[in-house]
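Right, one structure below, let's go through it.
There are 2 protein chains.
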Amino acid sequence: MDEEEFHLYNQEREISIGYMVFDGFAPLDVFGPLQFISGISADFNMSLSIISKKAGPISTYVPLHNIDDGMPMKETISASVIATHSVNDAPSLNLLIVPVSDIRYGGIGNRARFMGNDTWIENFVASRFNATDFVASVCTGAMSLAKAGVLDGKRATTNKLAWSQVIPFGNNVTWVPNARWTHDDKIWTSSGVAAGMDMTYALLRWLYGDERVNVTMNAVEYAPHVDPHWDPFSVVHNVPGADHAHSLKDLVGPVGYDN
Amino acid sequence: MDEEEFHLYNQEREISIGYMVFDGFAPLDVFGPLQFISGISADFNMSLSIISKKAGPISTYVPLHNIDDGMPMKETISASVIATHSVNDAPSLNLLIVPVSDIRYGGIGNRARFMGNDTWIENFVASRFNATDFVASVCTGAMSLAKAGVLDGKRATTNKLAWSQVIPFGNNVTWVPNARWTHDDKIWTSSGVAAGMDMTYALLRWLYGDERVNVTMNAVEYAPHVDPHWDPFSVVHNVPGADHAHSLKDLVGPVGYDN
Numbered sequence: 001m002d003e004e005e006f007h008l009y010n011q012e013r014e015i016s017i018g019y020m021v022f023d024g025f026a027p028l029d030v031f032g033p034l035q036f037i038s039g040i041s042a043d044f045n046m047s048l049s050i051i052s053k054k055a056g057p058i059s060t061y062v063p064l065h066n067i068d069d070g071m072p073m074k075e076t077i078s079a080s081v082i083a084t085h086s087v088n089d090a091p092s093l094n095l096l097i098v099p100v101s102d103i104r105y106g107g108i109g110n111r112a113r114f115m116g117n118d119t120w121i122e123n124f125v126a127s128r129f130n131a132t133d134f135v136a137s138v139c140t141g142a143m144s145l146a147k148a149g150v151l152d153g154k155r156a157t158t159n160k161l162a163w164s165q166v167i168p169f170g171n172n173v174t175w176v177p178n179a180r181w182t183h184d185d186k187i188w189t190s191s192g193v194a195a196g197m198d199m200t201y202a203l204l205r206w207l208y209g210d211e212r213v214n215v216t217m218n219a220v221e222y223a224p225h226v227d228p229h230w231d232p233f234s235v236v237h238n239v240p241g242a243d244h245a246h247s248l249k250d251l252v253g254p255v256g257y258d259n
Numbered sequence: 001m002d003e004e005e006f007h008l009y010n011q012e013r014e015i016s017i018g019y020m021v022f023d024g025f026a027p028l029d030v031f032g033p034l035q036f037i038s039g040i041s042a043d044f045n046m047s048l049s050i051i052s053k054k055a056g057p058i059s060t061y062v063p064l065h066n067i068d069d070g071m072p073m074k075e076t077i078s079a080s081v082i083a084t085h086s087v088n089d090a091p092s093l094n095l096l097i098v099p100v101s102d103i104r105y106g107g108i109g110n111r112a113r114f115m116g117n118d119t120w121i122e123n124f125v126a127s128r129f130n131a132t133d134f135v136a137s138v139c140t141g142a143m144s145l146a147k148a149g150v151l152d153g154k155r156a157t158t159n160k161l162a163w164s165q166v167i168p169f170g171n172n173v174t175w176v177p178n179a180r181w182t183h184d185d186k187i188w189t190s191s192g193v194a195a196g197m198d199m200t201y202a203l204l205r206w207l208y209g210d211e212r213v214n215v216t217m218n219a220v221e222y223a224p225h226v227d228p229h230w231d232p233f234s235v236v237h238n239v240p241g242a243d244h245a246h247s248l249k250d251l252v253g254p255v256g257y258d259n
């Protein structure tokens, strides 16, 4: 079907969304995208499952830890969201979204403190991948997708501070250093935390077209980055292949206005 | 004390933060600011209370409703956060933050469906105001501050889509039409939803200085708007006094970099 038919198809069907959460998740990874998605859900049919290993409260809490250079960091303040489903009882999903799989200041190294060798996130992604229409990651959620094998042969990106810790995973993944987000076949990936909002705007436009999505963006006063190649944080965090030839800044404004 | 002394004073004390939530709250109003605040809490001493009328799960759910022009809207998908404290057992607070007091598509008119004549938010703000160091609102949370009387004689702003519905409240409030956020004495207010993140960046720099705050911003890859007068949404939403003479767009990038 063509683009317009695809928009109508999505506007008329129900899209079942699953958002994975786990202890130490980054709140903006989840609730930035969900702000836009829940806004659009007032226009089009969606359902949402918040999925964790077990249903119930899941906290953003990060304990005392060292960052990757050994600097000691305090435990953080935190909030808890309620997981509505466990991986065992989650419904059929059209869109599965996987947020950061590490800790804001702790880097990937601290992930083991939370997850140990537990691969329930990767197992769930791998088991559900074929039955989903699309899978999206925010920040280092891409590491979970890579470990699950669903990035093999695909283009992907991730948080640029955690770049070197994420890109060893997966087989034949084309990790794109200059990307606010990527879209390759069923796979959407974003760069760090806040980039998930820009990916979500692009994803929602791709699904539903501009009209209602733009109304939502301007109601919540978010000026998105719309160039998927804008990525100053690859320069800030010294990612190999970072594009130093362009300005680090981006001209953003309300969507639908030229000047 | 001077600016540097003020930063040291805040870096060395514990800051008790209270975030109010209630049914139908906008998730990005809460979790955008909290992403930055919780990041900084790994550096400096903070505590966080999520406060509602009663402790327990509070949902972002918005039921079937009409927007202000009468257009019918669907119920939304939703997530629930756990309120850790009720208004009756919340601890002493240095910083109290009040998010949107209306509904994303429903406008202020729908607020009554949720709140009726219940003024527990305003009562709490009024009762705690003198004992706090600062009070901040995100989006139409400014309406709650105005109703509580704490904006009287102050400069403030709010969501520009909801502008005409908010500014009747309060006495002798200077409502600033071209403002991403305002800071007047103890009062910080932001424009719509996403603007809360930019206000929070400004507030955190003001409290703690640039260094650790900028590390956090670049780790989560958020490029903040740093001009409090940048406000294209006042033009988009036809706010009286909107500045039509300037570009609607803003040049943003990673903090701490000039080019």
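Protein chains in written order, with the UniProt record's numbering: chain A, 1 to 259; chain B, 1 to 259. Using N, Cα and C, we set each Cβ at its ideal position, and we do this for glycine too.
Alpha-carbon spacing of residue i relative to residue j, whole angstroms
i, j, result
"B/V98", "A/M73", "28 angstroms"
"B/G253", "A/K186", "29 angstroms"
"B/L204", "B/P224", "12 angstroms"
"A/S191", "A/T158", "4 angstroms"
"B/R104", "A/N172", "Any reading at B/R104 needs caution, since the residue's pLDDT is 40, under 50, leaving its predicted position unreliable; the model's value is listed next. If I take the Cα positions, the gap works out to 43 angstroms."
"A/D250", "A/V166", "26 angstroms"
"B/F6", "B/I15", "13 angstroms"
"B/P63", "B/S80", "15 angstroms"
"B/V150", "B/A162", "20 angstroms"
"A/A42", "B/M46", "36 angstroms"
"B/N117", "B/Y9", "41 angstroms"
"B/G109", "A/M143", "Low confidence applies to B/G109: its pLDDT is 42, below 50, so where it sits in the model is not reliable, and the reading given next is rough at best. The alpha-carbon atoms of B/G109 and A/M143 are separated by roughly 44 angstroms."
"B/S247", "B/S78", "35 angstroms"
"B/V226", "A/E221", "15 angstroms"
"A/D258", "B/D152", "38 angstroms"
"B/T76", "A/D23", "26 angstroms"
"A/W230", "A/A179", "6 angstroms"
"B/L207", "B/Y61", "34 angstroms"
"B/S127", "B/N88", "11 angstroms"
"B/E12", "B/G56", "32 angstroms"
"B/D184", "B/G141", "16 angstroms"
"A/I17", "A/D210", "20 angstroms"
heavy atom of the ligand ADP below 7 angstroms from residue i C-beta
i, result
"B/P168", "Here there are no bound small molecules, and the ligand ADP is not part of this structure."
C-beta contact flag for residue i and residue j at 8 angstroms
i, j, result
"A/V100", "A/K160", "no"
"B/G241", "B/P177", "yes"
"A/I51", "A/A83", "yes"
"A/S49", "A/A90", "yes"
"A/A202", "A/P228", "yes"
"B/F134", "B/W188", "yes"
"B/S86", "B/K53", "yes"
"B/V255", "B/G196", "no"
"A/I121", "A/M1", "no"
Backbone secondary structure at residue i - three-state DSSP
i, result
"A/H225", "coil"
"A/W181", "strand"
"A/G196", "helix"
"A/F25", "coil"
"B/H85", "strand"
"A/T189", "strand"
"A/V150", "coil"
"B/V213", "helix"
"A/A142", "helix"
"A/W175", "strand"
"A/Y19", "strand"
"A/I97", "strand"
"A/A131", "helix"
"A/L251", "strand"
"A/P72", "strand"
"A/R13", "coil"
"B/S78", "coil"
"A/A245", "coil"
"A/S92", "coil"
For residue j and residue i, believed in contact at Cβ under 8 angstroms, the rounded distance
i, j, result
"A/L28", "A/A194", "6 angstroms"
"B/A156", "B/T182", "6 angstroms"
"B/T132", "B/L95", "7 angstroms"
"A/F36", "A/T216", "6 angstroms"
"B/R212", "B/I40", "6 angstroms"
"A/M199", "A/A136", "7 angstroms"
"B/V235", "B/H244", "6 angstroms"
Cutoff 8 angstroms: residue i Cβ touching any chain E Cβ
i, result
"B/V236", "Among the protein chains of the structure shown, namely A and B, there is no chain E."
inquiry  = Please give the ranges of any beta strand (DSSP E) in the stretch 31 to 66 of chain A, keeping only runs that are unbroken, at least 3 residues long and fully inside the region.
reply    = Entirely contained in the stretch 31 to 66 of chain A, the beta strand (DSSP E) runs reaching 3 residues are, in chain order, 46 to 52 and 56 to 59.
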